[in-house]
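These protein sequence lines are chains A and B, in that order. Residue 55 in this note's numbering is what sits at position 55 of the first sequence, and the numbering runs on without skipping anything. Residue 1204 in this note's numbering is what sits at position 204 of the second sequence, and the numbering runs on without skipping anything. Beta carbons are placed, not taken as given, at the ideal position from N, Cα and C, and that holds for glycine. Keep in mind it's a predicted model, so treat the numbers as computed, not measured. For reference, the structure is listed below as structure tokens.
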Amino acid sequence: MNEPILELRGINKSFGPVHVLHDVDLTVRAGEVTALVGDNGAGKSTLVKCIAGIHGMDSGEVLFEGQPVHVHNPRQAAALGIEVVYQDLALCENLDIVQNMFLGRERTDNGLLDEAAMELAARKTLASLSVRTVKSVRTLVSALSGGQRQTVAIAKSVLWDSKVVLLDEPTAALGVAQTRQVLDLVRRLAEQGLGVVLISHNMNDVFEVSDRIATLFLGRMAAQLPTKDLTHSQVVELITAGRSGDLGLARPDVATV
Amino acid sequence: MTDSPTAPPATSAGPGVADTGSAISDFGIDTTSRSTGEALRDYVGRVRGGELGPLPALLGLAILLVIFSSLSGNFFTLNNIANLMSQGAGETIIAMGIVFVLLLGEIDLSAGTASGVTAAVLALHLFNDGNLLKPMGTAVYYAFVIVLVVAALLAAFMRIWIGAVFAIAGAGIMLSGLGANPWLEMVLAVCVGTGIGCLTGFLVSKVGMPSFVVTLALFIAWYGVILQIIGGLGELSIRQSPVLFDVANSNLDALGSWIVFVAGAGGFAAVVLFRHFRRLNKGLVAQPTTLVVVKAIVVLALGAGATYLLTLNRSPNPDLTTISGVPYVVPIILALLVIGTFVLDRTRYGRHIYAVGGNREAARRAGINVDKIRMSVFVICSSVAAVGAIVFSSKVGEVDGTAGNGNTLLFAVGAAVIGGTSLFGGKGRVRDAVLGGAVLATVQNGLGLLGFQAAPVNIITGLVLLVAAAVDALSRRKTIAH
């Protein structure tokens, strides 16, 4: 059993009158892929944004490596080693791979950009992830395919000695072969000892790469269980109804919303 | 599993590279310097994929030179070529500032009349021996000072300290009443330009109005300001100040010309070669050595040739007068070109400009202060426009109510776009402004020599700009289509 690297306890989040997250608990373990699933509007993205410091939490506790921490903005999250790869990529097409990977955190030498150091570091990171599909680290992102872009975005997130990487639907817009590459990459992140949170709608992807599956249902954590103990249909029931047999939330008449 | 780049089909370079690309692991291909042939094929591929770079401008320039040389015997004379350089210099310099704004996908329509305001203040200061209160009138004078102070405060609020210092210095010079001095006047002009840029930038980045509307409004407003402060005074001659008049009408001596050559072309070759071999040593992606050496030699040879020709006597009446040497505007433009390119390529600030222009949201998420970057480019644009104002005022030798009006802006934006800077943001270089400025100056000069009147000259200039914008839009479509 791997050590928990990030633990959320009793997270609540409201946007005005809308109570989006109800007492959500989530444990992310180093070296494991935790899949975060749930229907549209279940609160997956909100939860990720809370972890990343984009949204503040109304109440709840966050433990990072066992220590309570308070994350109020993305910089603090990044300083802890929490990186988010967003669904819409957030890459600049007019810049090359190296420039994108170091965007906002460029290395400088006497006040000037240290291209050599950045290029070598970028290449090293990509090599460590066994990324071999890109011809040159000086290729412009506009010349990359969707899968390659996703690869760059993920590689960017591990460049910073990050410990937890949150991936928001990394395979949503990809073809079969490209999805394959990205899933392999997700697996390798975990093998390198990172805690990985994968948001996905695709059950095949989830069962293929995840070690645990956390299911959100209407803003509540329905269940968080090892993938091997779950079946496809159980997860689908958890997503759609919040429970499946003994698993999941208590009956709705008990757990009134 | 190989995932060949799908975008511009030809970017996958020559067949050799495409075949080996998947086999070589861990970016092994990056460490090997490509052969010249591969690099050239790669370049052709990029061009066909829509990344045209300076190619259209260079081609256009070459065609224009051939056409005009064959049609007019006076065109390809030393005197005319040297004249041509200083003719378009003012607008070219304004265009260099506009490149920064275009890189964000914004536009500054007020750059022309803003430069006119700085020219008016410069001429007024010179004409009244530093006493601006009398010619401006109390209300206008203090309004001007207050606007500069407000601009400085806005810049300080956004932590653009250089902008704040320049704007407050402008107010200081106005209040100090220091007597006429050409150098002081040039500094004042730039300071006023900086102040104007702070206002524009704040309105765009913080208030959030589209730059098109803000600068359209200011375009009209600054024109009014010019009329207000010098409109009733007729033409203010700046010939009384030899320094100001010489900026665009005089030349370096032979020694100075060669010093500029050594500093410019020699410096370029040294930097290019030094960086190339350092990259090779560190095992980084580099162009083939042959190509880099050829590039350096070509620049050195062209520079030496041009410098030699310009140091000859090019006077139309060689017996009576001597005109020789590199025009002062050349080192001025070269200096701005070097500084601008350096800032864009080698500093974090420059990188962030490209990032904001490419994808503002991505830049924001990367922790870049997008508002500050957006404001700062307008500060740069107006400050550089003031330098352009000094040059074009010097060229004409006087400043009147139409300073910076008319075609100035069209020329400046046109120069940047013709040179290859994209109107959609994220793509462009300072050298584009110089190339495009050369194209436009050649069109104007050549058509003038052929005896065309204003009507056809304007129509043709407009069409050239239209073609350049079309090339930009089409090449963009090509690079985006996957």
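Does residue 1101 of chain B pass the burial test, meaning 16 or more other C-beta atoms within 10 Å, or should it be called exposed? buried
So, using beta-carbon positions, are residue 1095 of chain B and residue 1415 of chain B closer together than 9 angstroms? yes
Taking the straight line between their C-alpha atoms, what separation do you get for residue 244 of chain A and residue 6 of chain A? 27 angstroms
Alpha-carbon to alpha-carbon, residue 1396 of chain B and residue 1385 of chain B: 16 angstroms
Taking the beta carbon of residue 1222 of chain B as the centre, do at least 16 other beta carbons fall within 10 Å, making it buried, or is it exposed? buried
Chain-ordered chain A contacts of residue 1427 of chain B [CB-CB under 9 angstroms]: 94
Residues within the region 1089-1111 of chain B neighbouring chain A, beta-carbon criterion of under 7 angstroms: none
Straight-line Cα distance separating residue 1382 of chain B from residue 1392 of chain B: 15 angstroms
Which chain A residues are close to residue 1361 of chain B, counting only those with a beta carbon under 7 angstroms from its beta carbon? 90
Residues of chain B with a CB under 9 angstroms from the CB of residue 75 of chain A: which are they? 1367
Mind reading off the beta-carbon distance from residue 1437 of chain B to residue 1118 of chain B? Whole number of angstroms is fine, and I expect it under 8 angstroms. At roughly 19 angstroms, the Cβ-Cβ gap does not stay under 8 angstroms, so residue 1437 of chain B and residue 1118 of chain B are not in contact.
Residues in its own chain within less than 7 angstroms of residue 1055 of chain B by CB, not counting five upstream and five downstream? 1047
First and last residue of the uninterrupted beta strand (DSSP E) at residue 83 of chain A: 82-85
Taking 9 angstroms as the CB-CB limit, is residue 1049 of chain B close to chain A? yes
For residue 228 of chain A, the three-state DSSP class (helix, strand or coil): helix
So what does DSSP say about residue 1042 of chain B, is it helix, strand or coil? helix
Interface residues of chain B facing residue 116 of chain A [CB-CB closer than 8 angstroms]: 1278, 1279, 1282 and 1284
Taking 8 angstroms as the cut-off, does the CB of residue 134 of chain A come closer than this to any heavy atom belonging to the ligand HEM? The ligand HEM is not part of this structure, which contains no ligands at all.
Does residue 1238 of chain B pass the burial test, meaning 16 or more other C-beta atoms within 10 Å, or should it be called exposed? buried
By the 7 angstroms beta-carbon criterion, what residues does the region 97-110 of chain A contribute toward chain B? 99, 103, 104, 106 and 108
Taking residue 1468 of chain B as the reference, which of B:1454, B:1439, B:1453 and B:1444 has the closest Cα? B:1439
Does residue 61 of chain A have its Cβ less than 9 angstroms from a Cβ in chain B? no
Thinking residue 1484 of chain B and residue 1426 of chain B are a contact (beta carbons under 8 angstroms), I'd like their distance in whole angstroms, please. A query on residue 1484 of chain B cannot be resolved here, the shown segment of chain B reaching from 1001 to 1482 and no further.
Under the three-state reduction of DSSP, which class applies to residue 1314 of chain B: helix, strand or coil? coil
Alpha carbon to alpha carbon, how far is residue 1147 of chain B from residue 1183 of chain B? Give it in angstroms, no decimals. 23 angstroms
Could you give the distance in angstroms between the alpha-carbon of residue 1120 of chain B and the alpha-carbon of residue 1228 of chain B? 10 angstroms
If we require 3 or more residues per run, which beta strand (DSSP E) segments fall completely within the region 33-108 of chain A? 33-38, 59-64 and 82-85
What do you get for residue 1088 of chain B, buried or exposed, if any count of 16 or more other CB atoms within 10 angstroms of its CB means buried? buried
Own chain residues within Cβ distance below 8 angstroms of residue 1276 of chain B, not counting five before or after: 1286, 1287, 1289 and 1292
For residue 169 of chain A and residue 61 of chain A, what's the separation of their Cα atoms in angstroms? 26 angstroms
Just how far apart, CA to CA, sit residue 1078 of chain B and residue 1320 of chain B? 17 angstroms
Who are the Cβ neighbours of residue 1300 of chain B in its own chain at under 6 angstroms, not counting the five residues just before and after it? 1265 and 1269
Contact check, residue 1214 of chain B vs residue 1194 of chain B, beta carbons under 9 angstroms: no
Closest Cβ-Cβ distance between residue 169 of chain A and chain B: below 9 angstroms? no
Which value, in whole angstroms, describes the spacing of the CA atoms of residue 1116 of chain B and residue 1065 of chain B? 31 angstroms
How should residue 1446 of chain B be labelled, buried or exposed, when 16 other C-beta atoms within 10 angstroms of its C-beta is the threshold for buried? buried
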